[in-house]
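So the mapping is simple: our numbering equals the position in the sequence shown, first residue as 1, plus 30.
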Amino acid sequence: MAKIISIANQKGGVGKTTTTINLSALLAAAEKKTLLVDIDPQANSSSGLSVTNHSPSVYEVLVGTKNIKEVIINTFMPFLDMLPSNINLVGAEIEMVDIENRETLLKSALNQISSDYDYILIDCPPSLGLLTLNALTAADSVLIPVQCEYFALEGLGQLLNTINIVKKHFNKDLAIEGVLLTMFDTRLRLSHQVAEEVRKYFGEKVFNTVINRNVRISEAPSYGKPIILYDAISSGAQNYMALASELLEKNSELSKN
Numbered sequence: 031m032a033k034i035i036s037i038a039n040q041k042g043g044v045g046k047t048t049t050t051i052n053l054s055a056l057l058a059a060a061e062k063k064t065l066l067v068d069i070d071p072q073a074n075s076s077s078g079l080s081v082t083n084h085s086p087s088v089y090e091v092l093v094g095t096k097n098i099k100e101v102i103i104n105t106f107m108p109f110l111d112m113l114p115s116n117i118n119l120v121g122a123e124i125e126m127v128d129i130e131n132r133e134t135l136l137k138s139a140l141n142q143i144s145s146d147y148d149y150i151l152i153d154c155p156p157s158l159g160l161l162t163l164n165a166l167t168a169a170d171s172v173l174i175p176v177q178c179e180y181f182a183l184e185g186l187g188q189l190l191n192t193i194n195i196v197k198k199h200f201n202k203d204l205a206i207e208g209v210l211l212t213m214f215d216t217r218l219r220l221s222h223q224v225a226e227e228v229r230k231y232f233g234e235k236v237f238n239t240v241i242n243r244n245v246r247i248s249e250a251p252s253y254g255k256p257i258i259l260y261d262a263i264s265s266g267a268q269n270y271m272a273l274a275s276e277l278l279e280k281n282s283e284l285s286k287n
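In structure tokens, the structure reads:
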């Protein structure tokens with residue numbers, strides 16, 4: 031069965047989609063069968079892997095008009111598949127309100143294909159609505175990107191509260207996979223202060239790997255490529271390689287225990 035990880039933070043611009051794309055690509059590069067699930071109506075994870083306006087999408091899966099197996103597509107990378115998003119997802123939360131067991135729609139769909147993968151990564155929208163609730167209910171764990179800038183911790187309390195609600199009502203085993211420091215600028219005192227504050231609050235939950243601010247990471251999505259294929263020797267690529275290694279090592283240790 032796949033390890034299912036939701037990448038979530040209701041604050042936008044924290045590197046959530048960038049992390050989903052690049053971590054998925056690097057897990058696939060390590061020959062781990064990986065599925066990227068894009069449930070953000072902005073569909074940036076989809077376009078970041080050269081999948082644009084694809085139909086059918088995760089929308090049809092959630093509202094029950096398509097089986098997930100009909101919608102998953104292969105990407106240009108071996109070992110990496112995608113359940114794409116498109117603009118139709120914008121109205122999905124309203125439509126889902128009247129569906130029975132609306133919080134578990136994604137979980138039910140992923141249960142059908144979980145045994146086909148080693149990892150399933152879910153890119154959540156920058157909100158705490160029904161789509162994110164579905165992602166958290168379906169997940170084994172949550173990876174929380176936090177940018178090393180002003181107001182970095184703003185809204186994190188709300189996210190943690192949502193995680194606790196999900197644990198209480200829908201998914202008692204939901205864990206925090208880790209907190210990832212992103213957009214770290216070694217030259218700025220502020221970055222170091224934010225990193226220190228996050229580590230003080232989350233302790234061992236913070237990944238050792240830090241994603242430095244890097245222009246090549248920002249450029250890669252416009253070419254529809256993960257950083258490993260856009261510029262493998264950039265510091266951004268090296269950071270995400272380190273993150274993938276840390277994640278794989280952590281989960282390897284957990285499976286032994």
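Cβ coordinates follow ideal geometry from the N, Cα and C atoms, glycine included.
Between the Cα of residue 102 and those of 148, 95, 87, spot the shortest distance and give me the residue it belongs to.
87
Would you mind reading off the limits of the beta strand (DSSP E) that contains residue 95?
No residue range can be given for residue 95, since it is assigned to no beta strand (DSSP E) and is classified by DSSP as neither H nor E.
To the nearest whole angstrom, what separates the beta carbons of residue 80 and residue 106, a pair I think is in contact under 8 Å?
7 Å
Where does the unbroken beta strand (DSSP E) through residue 213 begin, and where does it stop?
205–214
Between residue 59 and the rest of its own chain, which residues show a CB-CB distance below 7 Å, the 5 nearest in sequence each way excluded?
Correct list, in chain order: 258.
So, for residue 235: in the same chain, excluding its five sequence neighbours on each side, which residues have a beta-carbon less than 7 Å away from its beta-carbon?
The beta carbon of residue 235 lies closer than 7 Å to those of 206, 208, 209 in the same chain, with the five residues before and after it left out.
Less than 6 Å between C-beta atoms, sequence neighbours within five positions excluded: which residues of the same chain meet that for residue 136?
164, 168
From residue 241 to residue 256, what does the alpha carbon distance come to, in whole angstroms?
14 Å
Within 10 Å of its beta-carbon, does residue 48 have 16 or more other beta-carbons around it, so buried, or fewer, so exposed?
With 16 or more other Cβ atoms within 10 Å, it is buried.
For residue 99 and residue 217, what's the separation of their Cα atoms in angstroms?
47 Å
Would residue 116 pass as a contact of residue 83 if the rule is Cβ separation under 8 Å?
yes
When the Cα atoms are used, what is the spatial distance from residue 140 to residue 172?
16 Å
Is the Cβ-Cβ distance between residue 212 and residue 78 less than 8 Å?
no
Between 67, 109, 250, which lies nearest to residue 295 when the distance is taken from Cα to Cα?
Not covered by the structure: residue 295. The range shown for the chain is 31 to 287.
From residue 251 to residue 70, what does the alpha carbon distance come to, in whole angstroms?
15 Å
Write down every uninterrupted run of the beta strand (DSSP E) in the stretch 111–181 whose length is 3 residues or greater and which is fully enclosed by it, in chain order.
149–153, 171–177
Could you check where the beta strand (DSSP E) with residue 36 kicks off and where it finishes?
Its beta strand (DSSP E) spans residues 33–37.
From this set, 185, 272, 89, 65, which residue's C-alpha is nearest residue 33's C-alpha?
65
Roughly how many angstroms separate the alpha carbons of residue 182 and residue 122, rounded to a whole number?
29 Å
How would you call residue 95, buried or exposed, if buried means at least 16 neighbouring beta carbons within 10 angstroms?
The residue in question, residue 95, is exposed, as its Cβ has fewer than 16 Cβ neighbours within 10 Å.
Looking only at its own chain, which residues have a Cβ that is under 6 Å from the Cβ of residue 266, when we skip the five neighbours before and after it?
244, 246, 247, 257
Kindly give me the distance between the Cβ atoms of residue 166 and residue 204, rounded to whole angstroms, as I take these residues to be in contact under 8 Å.
6 Å
Would you give the residue range spanned by the alpha helix (DSSP H) that residue 237 belongs to?
Not the alpha helix (DSSP H): residue 237 falls in the beta strand (DSSP E), residues 236–242.
Measuring only the C-alpha atoms, how far is residue 111 from residue 238?
28 Å
So, for residue 254: in the same chain, excluding its five sequence neighbours on each side, which residues have a beta-carbon less than 6 Å away from its beta-carbon?
80
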